[in-house]
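One structure is given below, encoded as structure tokens.
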Amino acid sequence: MRQLTQTGWMHNRVRMICASFLVKDLLIDWRRGERFFRHHLVDADIAQNAGNWQWIAGTGPDAAPYFRVFNPTGQGQKFDPDGDYVRRWVPELASLPATIIHQPSAADPGQLVASGVILGETYPTPIVDHTRARERALESYKHALA
Ligand SMILES: Cc1cc2nc3c(=O)[nH]c(=O)nc-3n(C[C@H](O)[C@H](O)[C@H](O)COP(=O)(O)OP(=O)(O)OC[C@H]3O[C@@H](n4cnc5c(N)ncnc54)[C@H](O)[C@@H]3O)c2cc1C
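Counting from 1, one number per residue, gives the positions in the sequence shown under my numbering.
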């Protein structure tokens with residue numbers, strides 16, 4: 001969100017991860033995300049923005065299967081293996097090694113202290129547990145589609 005609000009642009013991969021997190025981890029209506037992106041994107045396009053949000057949300061004409069839930073940590077580890085993207089936009093975590101930078105809450109407390117990261121103070125604790133949020137999303141979709 002910092003890259004989006006500061007530059008008006010994000011790579012497609014990051015747009016997909018953010019959209020999946022909002023809609024499936026937080027169960028927030030895709031239209032709120034679509035509106036926020038439309039307000040900030042330099043390439044904002046009504047059709048492409050709404051079409052891509054609905055693809056992620058599983059509500060559009062060419063939707064991704066609803067059970068496809070992006071794992072933010074796994075995506076970070078796969079597409080930003082060295083953690084440079086995180087260091088660029090989340091300087092609070094810049095001193096963390098690549099092994100823990102995508103999920104500081106799962107790291108050994110000693111490693112965090114050694115890097116000056118204090119969860120809940122210098123960096124927030126997670127707002128959702130992704131595994132539980134994913135299960136909740138799948139249950140919600142199944143219920144809505146029943
Ligand atoms: C949630 C979400 C919202 C998006 N909102 C927009 C938007 O408002 N405007 C927009 O132009 N794109 C949108 N996209 C599509 C895509 O992210 C951007 O087109 C692309 O990231 C722009 O960067 P680029 O020009 O370097 O793309 P490149 O990867 O270089 O692609 C070149 C061009 O191809 C087209 N393109 C590439 N990927 C897509 C795609 N998934 N869907 C449609 N067209 C694509 C675009 O016109 C893009 O400029 C969105 C994607 C997601 C997941």
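Note that CB positions come from ideal geometry on N, CA and C, so glycine has one too. Computed from a predicted model, the values in this text were never measured in an experiment.
query: Compare the beta carbon distance of HIS40 and GLY8 with 8 Å and say whether it is the shorter of the two.; result: yes
query: Enumerate in chain order the residues of its own chain whose CB-to-CB distance from GLN111 is below 8 Å, with the five nearest sequence positions on each side excluded.; result: LEU96, PRO97 and ILE100
query: Between LYS142, ALA137, ALA144 and ALA47, which lies nearest to LEU22 when the distance is taken from Cα to Cα?; result: ALA137
query: Grab the span of the alpha helix (DSSP H) containing ILE28 for me, first residue to last.; result: Neither: ILE28 is in no alpha helix (DSSP H) and is coded neither H nor E.
query: Three Cβ pairs or more, each shorter than 8 Å: is that satisfied between the stretch 123–132 and the stretch 39–58?; result: no
query: Should ASN71 be listed as close to ligand 1, given that the test is whether its C-beta is under 7 Å from any heavy atom?; result: no
query: Nearest by alpha-carbon distance to TYR141: which of VAL117, GLY116 and ALA64 is it?; result: ALA64
query: Return the residue from the list CYS18, ARG32, PRO104 and ALA50 that minimises the CA-CA distance to PHE69.; result: Residue identity differs from the one stated: residue 69 is Val in this sequence, not Phe. Cα-wise, what sits closest to VAL69 is CYS18.
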